[in-house]
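Encoded as structure tokens, the structure appears first; notes follow it.
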Amino acid sequence: MKKILFATTALVASAGVAAADVSFSGYGRFGAIDIDAGLNPAFDASGIYTRIRLQIDMTMEADNGLEFGARLRHQATSVNGAGYGGGFNGARFFARAGGFELGVGNIIGAIENMPGLYMGTQSAGIGLSGHTFSNLVTNTTSKGNFNWDAYSSGGAGADGVEVMYSAGDFSAHISYSDSPSGLVPAPFNVQQRVAAHVAYTFNDWTVALGYQDSDALVCALNNTYTGAFAPLTGPGCEDKALITVGGTVGPADLSLAYADNDGIGKWGLYANVEVGAATRVDAFVTSEEGVFGGETYGIGVSHNLGGGASLEAGFAKDDTVLDITTMDLGIRFNF
Amino acid sequence: MKKILFATTALVASAGVAAADVSFSGYGRFGAIDIDAGLNPAFDASGIYTRIRLQIDMTMEADNGLEFGARLRHQATSVNGAGYGGGFNGARFFARAGGFELGVGNIIGAIENMPGLYMGTQSAGIGLSGHTFSNLVTNTTSKGNFNWDAYSSGGAGADGVEVMYSAGDFSAHISYSDSPSGLVPAPFNVQQRVAAHVAYTFNDWTVALGYQDSDALVCALNNTYTGAFAPLTGPGCEDKALITVGGTVGPADLSLAYADNDGIGKWGLYANVEVGAATRVDAFVTSEEGVFGGETYGIGVSHNLGGGASLEAGFAKDDTVLDITTMDLGIRFNF
Amino acid sequence: MKKILFATTALVASAGVAAADVSFSGYGRFGAIDIDAGLNPAFDASGIYTRIRLQIDMTMEADNGLEFGARLRHQATSVNGAGYGGGFNGARFFARAGGFELGVGNIIGAIENMPGLYMGTQSAGIGLSGHTFSNLVTNTTSKGNFNWDAYSSGGAGADGVEVMYSAGDFSAHISYSDSPSGLVPAPFNVQQRVAAHVAYTFNDWTVALGYQDSDALVCALNNTYTGAFAPLTGPGCEDKALITVGGTVGPADLSLAYADNDGIGKWGLYANVEVGAATRVDAFVTSEEGVFGGETYGIGVSHNLGGGASLEAGFAKDDTVLDITTMDLGIRFNF
Chain F
1 MKKILFATTA LVASAGVAAA DVSFSGYGRF GAIDIDAGLN PAFDASGIYT
51 RIRLQIDMTM EADNGLEFGA RLRHQATSVN GAGYGGGFNG ARFFARAGGF
101 ELGVGNIIGA IENMPGLYMG TQSAGIGLSG HTFSNLVTNT TSKGNFNWDA
151 YSSGGAGADG VEVMYSAGDF SAHISYSDSP SGLVPAPFNV QQRVAAHVAY
201 TFNDWTVALG YQDSDALVCA LNNTYTGAFA PLTGPGCEDK ALITVGGTVG
251 PADLSLAYAD NDGIGKWGLY ANVEVGAATR VDAFVTSEEG VFGGETYGIG
301 VSHNLGGGAS LEAGFAKDDT VLDITTMDLG IRFNF
Chain Y
1 MKKILFATTA LVASAGVAAA DVSFSGYGRF GAIDIDAGLN PAFDASGIYT
51 RIRLQIDMTM EADNGLEFGA RLRHQATSVN GAGYGGGFNG ARFFARAGGF
101 ELGVGNIIGA IENMPGLYMG TQSAGIGLSG HTFSNLVTNT TSKGNFNWDA
151 YSSGGAGADG VEVMYSAGDF SAHISYSDSP SGLVPAPFNV QQRVAAHVAY
201 TFNDWTVALG YQDSDALVCA LNNTYTGAFA PLTGPGCEDK ALITVGGTVG
251 PADLSLAYAD NDGIGKWGLY ANVEVGAATR VDAFVTSEEG VFGGETYGIG
301 VSHNLGGGAS LEAGFAKDDT VLDITTMDLG IRFNF
Chain P
1 MKKILFATTA LVASAGVAAA DVSFSGYGRF GAIDIDAGLN PAFDASGIYT
51 RIRLQIDMTM EADNGLEFGA RLRHQATSVN GAGYGGGFNG ARFFARAGGF
101 ELGVGNIIGA IENMPGLYMG TQSAGIGLSG HTFSNLVTNT TSKGNFNWDA
151 YSSGGAGADG VEVMYSAGDF SAHISYSDSP SGLVPAPFNV QQRVAAHVAY
201 TFNDWTVALG YQDSDALVCA LNNTYTGAFA PLTGPGCEDK ALITVGGTVG
251 PADLSLAYAD NDGIGKWGLY ANVEVGAATR VDAFVTSEEG VFGGETYGIG
301 VSHNLGGGAS LEAGFAKDDT VLDITTMDLG IRFNF
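Residue numbers (UniProt numbering), protein chains in the order written: chain F, 1 to 335; chain Y, 1 to 335; chain P, 1 to 335.
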């Protein structure tokens, strides 16, 4: 016999139904992808792209109004037959009260959670899959990429601590982690990261400032489409300062971002434009300083099918020394 | 606090409750098994048999009536203490409209899904566990077994594409996959499978025709009760053509099947007979051509306990060169 | 879209809603821990402690009133960044009728399930994490620890069989397993365990007697805070006989336990005292005979936050030759 969970907004809103909840949500994506890995042809790929994300939120409320909870995720991404299977990631635990939230474990991270860093699209980048996420001003060919604390979908995550606060138009986020790095042998492998951001919304515009200080000795270029590439890393290579500004102009959401990645500047410009009743065009362009740097750009189309489903297509080009071209097309659906 | 999911047929049927669902279903089996592995005594086993299957169906409906979804499964089978644990399998994604369904990822496969291939029992074979599934006319000692695309309960599956169509008494299914084979070193390991079946129901009788074309170079005999055995495989060894006919005569369901497995013919005869208010006897016999071939047969009893539970017992004998004898007994319950 | 499972006591109690259920429950813990591993400083640790437990109970009822079901668990415990991730454990299957229950697979075990063995605290030991569980009279420095069958949260478990019976104030439990031991090479590695307990409640006092007979040849000291330590093990080292007595005196729950662990006696005294409207103090002391033995003791505080959440703090000292000191502090919440 099948048991069906269904949306229960009305019931949960009614008083006293339950002090504890387990809720399930997530999304699926399926379609086709083509990757021309440029500098490293061994990473060329073409074929079926799929991802499943199933998220379990376990929450409860104590008598004093404090809310406690944890989030688990199962995620599997496949590019042409690789990457399936597995169990759950590390949990993020939280305690919440008023505008404050304390997070422990697989934390979200202050850089990861900063307004204006990711694009306001279903993939948080371009198209169905987000491609190489060269749209992020904190991902650079010179100084490595994804080298900040972020909620890990498949692994343990940072095992850190974070405090988030919001009040009206203001929000702030500080995170800390102290994890061994897989890149450096012990006992030199301890990697402390402190990150913070503040954000403020003026009318329809949000400005955010972010910062990361890390004592990592080596920074990886862990771009899955890139393979081995030796960037200009070294002590302090994860240090970052960044600013983003984003707002709405008529049918368009526009956003500008700039990051100083340990001396390597990168800026990005982003736009999401409604071009029809159910169709939106997304585009970005970035420019990274330095001998390995250069421009990256991308364009995507999202057609809303209603009920949480959409048709997504994207093209992106990384014109840095990596020289990666990616295209994808497919369906995304939420549940 | 416990959260309980309960059957919600009535609520879900009511209009507008939800566009997206996550549902849980599955079964448990527990009992005893005895395996005399004949040719390969190292695979003899005797003791506790258990299996848990937990299935998660995540579905939603777009505005145009298109249904999108994905299925994940956790399954663990134990024969005397082996095979427990683990996470989820690869997901199967689908889009459905009218009688059409497109499947992507861990596909079901056109041979696997063909009417009359498996038996109409809880195990799809004989008894509690299905034993060695020597009842399938597509499993042969000479040409390997389970060498077609099928929804994988524990692994990634085929990462393929399939289209299913049904209209009234007619149904058809085409599947395609292009996966590396673990049996052959690169670059010769790419294994393309195309399979199809059509089925038609005349009164109480269903006739189905199936076909598989594969460019696999080597075919495994991946029977878990068999161990290493070198069948007569080689290029084309996975090619198959098969026909099944099944229907009802009084208290009995009868079925006949024949497959040409790359030149090795195998036929099978199957019966499920109601012998009391809650008791059914199941039986099969097959015969495979060739020097490694021979007869296999089995008999089982299923006693319905109501509510989705049953007592299951089975005996099967593989009288090919493999010479395997298996018995089992236990409980199956659905949830 | 999110689907929310909520408490449905009322609905499930109503007749005929469903014959089959899938329910989710569990808890989270997060806080800080400090371990001074004494004899083996390599196991010293200090930092964040987290645990998530998500439990899935799948049950159904047959027409004759027999209840069948299975339990799966995902659990991940992290001490300063280790131990995250993974899938499900081995399932425990059961059939229940009247006061009888048959369990198969990852069984609970008669010693594990004995009243008075564990403390009546959220961790079943002291504080947030239970520390080293030196409070158990069946864990000894001389004869190894946790060497009895118990429901495994992360692994396959014992793959055994057990029968539980209760009628009024009386309960009994017999368990059997026959598993290979990882400590001894084949063919000497088969380890049979038979265990049993009986318990009876007189007014507010419960007396329980337990027994285990095992043919294990070597017994591990698998204390995760200890590392390698060679105890006085050998054939029969898992044999145990134990007695517990527990009851209530005013605001205090008191309990006394004694075990003969293959000739090594260990006794324990336990108290849980309500010291305020929402605060309870827990304490224990144990004493183990022999050259490796000695005293262990601990004290904890539990402050109830309501709704299933509590603040937990604990200190424990193992004054045997192991010389371990542990402290922890944090939040526990149920869902």
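Ideal placement from N, C-alpha and C gives every residue a C-beta, glycine not left out. None of the values given here were measured: they were computed from a predicted structure.
So for F/Phe94, helix, strand or coil by DSSP?
The answer is strand: DSSP assigns F/Phe94 an E or B state.
Could one say the Cβ of P/Thr201 lies closer than 8 Å to chain Y's Cβ atoms, at least one of them?
Chain Y, which has no Cβ nearer than 8 Å to the Cβ of P/Thr201, makes this no.
Can you give me the start and stop residues for the beta strand (DSSP E) that F/Met164 sits inside?
Element bounds for F/Met164: 160 to 167.
Less than 8 Å between CB atoms is the rule here; does Y/Ile108 satisfy it with respect to chain F?
Not closer than 8 Å to any Cβ of chain F, the Cβ of Y/Ile108 fails to qualify, so no.
Which residues of the region 52 to 79 of chain P have a Cβ closer than 7 Å to any Cβ of chain F? Give them in chain order.
So the close ones are Ile52, Leu54, His74, Ala76, Ser78.
What separation, rounded to the nearest whole angstrom, lies between the Cα atoms of Y/His74 and Y/Phe30?
Cα to Cα, Y/His74 sits roughly 17 Å from Y/Phe30.
What do you reckon, are the CB atoms on F/Leu254 and F/Gly247 nearer than 8 Å?
Against a cut-off of 8 Å, the Cβ pair of F/Gly247 and F/Leu254 comes out as a contact.
Is the region 204 to 213 of chain F touching the region 104 to 120 of chain F, taking contact as three or more C-beta pairs under 8 Å?
Yes, they touch.
So is Y/Ala313 in contact with chain P if we call contact Cβ pairs under 8 Å?
Taking Cβ atoms only, chain P never reaches closer than 8 Å to Y/Ala313, which makes this a no.
Any idea if P/Val291 is buried or exposed, counting beta-carbon neighbours within 10 angstroms, 16 or more meaning buried?
With fewer than 16 Cβ atoms within 10 Å of its Cβ, P/Val291 is classed as exposed.
The beta strand (DSSP E) spanning P/Trp205 covers which residue range?
Counting along the chain, the beta strand (DSSP E) containing P/Trp205 begins and ends at 205 to 214.
Assign F/Phe292 to one of three DSSP states: helix, strand, or coil.
Of the three classes helix, strand and coil, the one that applies to F/Phe292 here is coil, per DSSP.
In the DSSP assignment, what are the bridge partners of P/Lys266?
Answer is P/Ala259, P/Glu288.
Just checking, does the region 297 to 304 of chain F make contact with the region 147 to 154 of chain F on the three C-beta pairs under 8 Å criterion?
No: the two stretches stay apart, fewer than three of their Cβ pairs being nearer than 8 Å.
If we count the other Cβ atoms within 10 Å of its Cβ and call it buried at 16 or more, is P/Phe202 buried or exposed?
When all chains shown are included, P/Phe202 counts as exposed.
Out of P/Ala199, P/Ser287, P/Ser123, P/Ala95, point me to the one whose CA is closest to P/Val245's CA.
The shortest Cα separation from P/Val245 among P/Ala199, P/Ser287, P/Ser123, P/Ala95 belongs to P/Ala199.
If distances are taken between C-alpha atoms only, which option among F/Phe100, F/Val190, F/Thr138, F/Ser179 comes closest to F/Gly168?
It is F/Phe100 whose Cα lies nearest to the Cα of F/Gly168.
Over the uninterrupted beta strand (DSSP E) stretch that includes F/Val190, give me the two end residues.
Run containing F/Val190: 190 to 202, per the beta strand (DSSP E) assignment.
Three-state secondary structure (DSSP) at P/Ala124?
DSSP places P/Ala124 in coil when its eight states are reduced to three.
F/Glu238: buried (16+ other C-beta within 10 angstroms of its C-beta) or exposed?
By the neighbour-count rule (16 or more Cβ atoms within 10 Å), F/Glu238 is buried.
Distance check for F/Gly103 and F/Leu66, CA to CA, integer angstroms please.
Looking at the two C-alpha atoms, the distance is approximately 13 Å.
Please check if any C-beta of chain Y sits within less than 8 Å of the C-beta of P/Asp159.
Yes, P/Asp159 counts as interfacial toward chain Y.
Comparing alpha-carbon positions, which option in P/Tyr49, P/Asn113, P/Glu289 lies nearest P/Leu232?
For P/Leu232, the nearest C-alpha among the options comes from P/Glu289.
Could you say if the region 104 to 112 of chain F and the region 318 to 325 of chain F meet the contact criterion of at least three C-beta pairs nearer than 8 Å?
Cβ pair count under 8 Å is below three, so no.
From the beta carbon of Y/Phe43, is the nearest beta carbon of chain P less than 8 Å away?
Not closer than 8 Å to any Cβ of chain P, the Cβ of Y/Phe43 fails to qualify, so no.
Please name the residues in the region 123 to 147 of chain P whose beta-carbon is closer than 9 Å to at least one beta-carbon of chain F, in chain order.
Those residues of the region 123 to 147 of chain P that come within reach of chain F (Cβ to Cβ, closer than 9 Å) do not exist; the list is empty.
The beta strand (DSSP E) with P/Trp52 in it runs from where to where?
Looking at the sequence shown, residue 52 of chain P is not Trp but Ile. P/Ile52 -> beta strand (DSSP E) spans 45 to 61.
Less than 8 Å between the CB atoms is what I'm expecting for P/Arg332 and P/Ala309, so what's the real figure, rounded?
Going by Cβ atoms, the distance from P/Arg332 to P/Ala309 rounds to 7 Å, so yes, they are a contact pair.
Return the residue from the list P/Asn145, P/Ser175, P/Gly306, P/Ser166 that minimises the CA-CA distance to P/Ala259.
Comparing Cα-Cα distances from P/Ala259 to each of P/Asn145, P/Ser175, P/Gly306, P/Ser166, the minimum goes to P/Asn145.
Consider the Cβ of F/Gly87: report whether some Cβ of chain P lies at a distance smaller than 8 Å.
Chain P, which has a Cβ nearer than 8 Å to the Cβ of F/Gly87, makes this yes.
List the residues that DSSP assigns as beta-bridge partners of F/Phe30.
F/Thr50, F/Ile331, per the DSSP bridge assignment.
Rounding to the nearest angstrom, what Cα-Cα distance links F/Asp262 and Y/Val194 in this structure?
Going from the Cα of F/Asp262 to the Cα of Y/Val194 covers about 52 Å.
Going by C-alpha distance, which of P/Leu136, P/Ser23, P/Gly98 is nearest P/Leu54?
Answer by Cα proximity: P/Ser23.
By the criterion of Cβ-Cβ separation under 8 Å, what are the contact partners of F/Thr248 in chain Y?
The contacting residues do not exist; F/Thr248 stays about 25 Å from chain Y at best.
Starting from the C-beta of F/Gly157, find all residues in its chain whose C-beta is less than 8 Å away, skip the five residues before and the five after it, and write them out in chain order.
Closer than 8 Å at the Cβ level, and outside the excluded window around F/Gly157, lie Asn89, Gly90, Arg92, Gly105, Asn106, Ile107, Asp149, Ala150, Tyr151.
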